[in-house]
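Protein chains in written order, with the working numbering: chain A, 1 to 225; chain B, 1001 to 1225. Glycine included, every Cβ here is placed at the ideal spot set by N, Cα and C. These figures come from a predicted structure and were not determined experimentally.
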DNA sequence: ACCTGAACACCGTTCAAGT
DNA sequence: ACCTGAACACCGTTCAAGT
């Protein structure tokens, strides 16, 4: 009674689509982790042959890029700029964080990729709009965009990777690190061990995002003065 | 006259070592990119059989973790705390950036991993020492450590990944993004296109690091007052 | 036009056999 | 104790054949 042995009928001609394949890939990654994204698993999840997906994607890498676009789409779904540009940047940052938290295997594999797609472009435009609304212009807008966007994407991507490795290896580890063979050589690490284990990663991200927002605020104030 | 067909003699008993294997792996990644790290390539680079490495590492993943430790070792080589804690944090940040720039394929694959090793511990201790020197204590030290360390590692890891994909695909891409089919829908992106293409990623990193240092400074001042 | 099934080169890993 | 070579299961990809 395995899933792959149930239906052996030939698939109708137009059953498969890029969007359907991407959704199946995302479901596979969500439920079975990063190793699950293979043409064989994807095929049987779609009740299709191992090679059917090649009609719609020319390589595994192209599926990863499509997944990145799908994560952008999910993140931005329902987004509207806030009245205050600070709230727009907060909203966008936490949307990325939430997507990474809810789809860690997909985010870990895809979030660092440039898609050149429409949803990525929407995200870029949304951040630039907020920075523009803050009062920055020209080159300064681009720099602040990059400071914000690189930080948010990098940290969320790493957060996703951490969630995946926690699911795979079990627990955070680190324990060994803070019981080194020669504790006297690493006094600060030994002393901070308990606090480091108790760190709230979301709170760390919040502080990082607020730092960038504060910086944009300061630069905008200077520009107006 | 391929490299693998030259020497076919059996390797002496103690020729292979963990450090030698790690160095060969790093060389392979540096010279041939992320696809080059396979047991077969590693074996022939070491003039050994495909499976010889298994005597020293029990899986491919264990090699990746050892590479992460090696990158920590390379980064910290010769590090001494500066008089001013700000310069210590700057030094540590740019060491990570330089390592990511010089070994992009290895950094992209390994830099996000926790090693539980001695060089990672040295790095943690060095950052904590600087934050302590700034004047923070207890939980606040741990939080500021995390804000700094997560940012530096995440951004450098993403920088490495970007370098790898530039080498693979050629050029930054993005061009397509900033010539969208419907430019009117993304006015801010279209307007900022030229500036976005001209962004200096090192300057972005510099600003991110200075933001965190400024934040630690402000918190330390508040704590003392 | 789209899906299937056989086939190929490659990869991580295991294990019995050599020295 | 450490290295080799055959073997296995799996994976991405290609391609001729079906409908």
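Restricting to runs no shorter than 4 residues, where is the alpha helix (DSSP H) found entirely within the stretch 1079–1136 of chain B? Look at the stretch 1079–1136 of chain B and you find these whole runs of alpha helix (DSSP H), each 4 residues long or longer: 1085–1102, 1104–1110 and 1118–1134.
Please determine if the stretch 1140–1159 of chain B and the stretch 148–161 of chain A are in contact, where contact requires at least 3 C-beta pairs separated by less than 8 Å. yes
Taking the C-alpha atoms as reference points, what is the distance between residue 217 (chain A) and residue 1073 (chain B)? Cα to Cα, residue 217 (chain A) sits roughly 38 Å from residue 1073 (chain B).
Candidates B:1026, B:1131, B:1029 and B:1040: closest to residue 189 (chain A) by CA position: B:1131 is the residue among B:1026, B:1131, B:1029 and B:1040 whose C-alpha sits nearest the C-alpha of residue 189 (chain A).
For chain B, check one thing: does any of its Cβ atoms lie closer than 8 Å to the Cβ of residue 183 (chain A)? no
Close beta carbons around residue 1228 (chain B), own chain, < 7 Å, minus the five adjacent residues each side: With chain B running from 1001 to 1225 in the structure shown, residue 1228 (chain B) is simply not present.
Helix, strand or coil for residue 59 (chain A), going by three-state DSSP, please let me know. coil
Run through DSSP, which three-state label would residue 148 (chain A) get? helix
In whole angstroms, what is the alpha-carbon distance linking residue 1082 (chain B) and residue 1088 (chain B)? 5 Å
Compute the distance between the beta-carbons of residue 1096 (chain B) and residue 1067 (chain B), then report whether it is under 8 Å. no
Just the C-alpha distance for residue 1085 (chain B) and residue 1133 (chain B), rounded to the nearest angstrom, thanks. Rounded to whole angstroms, residue 1085 (chain B) to residue 1133 (chain B) spans 6 Å at the Cα level.
Do you know whose CA, among B:1078, B:1018 and B:1036, lies nearest residue 1053 (chain B)'s CA? For residue 1053 (chain B), the nearest C-alpha among the options comes from B:1018.
Under 8 Å, do residue 1139 (chain B) and residue 195 (chain A) count as touching if we go by C-beta distance? Yes, the Cβ-Cβ distance between residue 1139 (chain B) and residue 195 (chain A) is below 8 Å.
Below 8 Å between beta carbons: does that hold for residue 1028 (chain B) and residue 1045 (chain B)? Yes, the Cβ-Cβ distance between residue 1028 (chain B) and residue 1045 (chain B) is below 8 Å.
Answer yes or no: do residue 34 (chain A) and residue 164 (chain A) have a C-beta to C-beta separation smaller than 8 Å? yes
Verify the CB distance criterion: does residue 1154 (chain B) have a CB-CB separation below 8 Å to chain A? With 8 Å as the cut-off, residue 1154 (chain B) counts as an interface residue toward chain A.
Within-8 Å CB hit, residue 1145 (chain B) to chain A: For residue 1145 (chain B), the answer is yes, since a Cβ of chain A falls inside 8 Å of its Cβ.
Just checking residue 38 (chain A) against the ligand COA - is the residue's beta carbon closer than 7 Å to any of the ligand's heavy atoms? Among the components modelled here there is no ligand, and therefore nothing to report on the ligand COA.
If you drop the 5 nearest sequence neighbours on each side, which residues of the same chain put their C-beta closer than 8 Å to that of residue 224 (chain A)? 135
Which residues in chain A have a C-beta closer than 8 Å to the C-beta of residue 1199 (chain B)? List them in chain order. 142, 143 and 146
For residue 1207 (chain B) and residue 1094 (chain B), the rounded distance between their alpha carbons: Put simply, the backbone Cα of residue 1094 (chain B) is about 12 Å away from that of residue 1207 (chain B).
For a contact meaning CB atoms closer than 8 Å, what does residue 1161 (chain B) contact in chain A? 112
Below 7 Å on C-beta distance, what does residue 138 (chain A) contact in chain B? By Cβ distance, chain B contributes 1195.
Rounded C-alpha distance that separates residue 58 (chain A) from residue 1116 (chain B): As the crow flies, the alpha-carbon of residue 58 (chain A) is around 39 Å from that of residue 1116 (chain B).
Assign residue 1060 (chain B) to buried or exposed, taking buried as 16 or more other Cβ atoms, counted over all protein chains shown, within 10 Å of its Cβ. exposed
Relative to the C-alpha of residue 145 (chain A), which candidate in B:1110, B:1201 and B:1102 has its C-alpha closest? B:1201
Between which two residues does the alpha helix (DSSP H) harbouring residue 1053 (chain B) extend? Premise fails: residue 1053 (chain B) is in no alpha helix (DSSP H) and is neither H nor E.
Output, in chain order, the set of chain A residues within a Cβ distance shorter than 7 Å of residue 1125 (chain B). Here the neighbours are 186, 188 and 189.
Would residue 1125 (chain B) be called buried (16 or more neighbouring beta carbons within 10 Å of its own) or exposed? buried
Between residue 47 (chain A) and residue 11 (chain A), how many whole angstroms is the CB-CB distance? I'm expecting something under 8 Å. 6 Å
For residue 1185 (chain B), which of A:205, A:183 and A:123 has the nearest alpha-carbon? Taking only the C-alpha atoms, the option nearest residue 1185 (chain B) is A:123.
For residue 1037 (chain B), is the classification buried or exposed, using 16 other Cβ atoms within 10 angstroms of its Cβ as the cut-off for buried? buried
Assigned secondary structure, residue 30 (chain A) (DSSP; H/G/I helix, E/B strand, else coil): helix
For the alpha helix (DSSP H) that residue 35 (chain A) lies in, which residues bound it at each end? Note, residue 35 (chain A): premise wrong, no alpha helix (DSSP H); not H, not E.
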